[in-house]
Amino acid sequence: MNEDLTIRVDQTRCVGTGQCARTAPDALTLGRNGRAQPRDQHSTDLDTLTEAADFCPVEAITIHLASTGEQVAPL
Ligand code: SF4
Numbered sequence: 001m002n003e004d005l006t007i008r009v010d011q012t013r014c015v016g017t018g019q020c021a022r023t024a025p026d027a028l029t030l031g032r033n034g035r036a037q038p039r040d041q042h043s044t045d046l047d048t049l050t051e052a053a054d055f056c057p058v059e060a061i062t063i064h065l066a067s068t069g070e071q072v073a074p075l
């Protein structure tokens, strides 16, 4: 659990593979539009979120510090 992280999914890039939701199912889910959306952003540790972002084939996921907006993954 990490309360200082925010997940962003670029809806214009996501192609709906679902890989991120399989890697971090508490943090990401496929929405009704077939694209990934953040779910419980505080449920998953940074390593798992980074793995989900790294697996995305279109680099649609970024992880940020909620307090400053600084991107912390992927780097
Ligand atoms: S891995 Fe990337 S392309 Fe696939 S659903 Fe997640 S955000 Fe979308």
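If you use the numbering used here, the sequence shown closes out at 75, no skipped numbers anywhere.
Glycine included, every Cβ here is placed at the ideal spot set by N, Cα and C.
Paired residues, beta bridge with His64 - DSSP: Thr6 and Gln71
Cβ neighbours of Ala21 in the same chain (closer than 7 Å, five flanking residues each side left out): Leu28, Thr29, Leu30 and Ala36
Gln71 versus Asp4 - alpha carbon distance: If I take the Cα positions, the gap works out to 12 Å.
Element boundaries [beta strand (DSSP E), containing Gln37]: Ala36 to Pro38
Nearest neighbour of Gln11, chosen from Ala60, Thr44 and Ser43 [CA to CA]: For Gln11, the nearest C-alpha among the options comes from Ala60.
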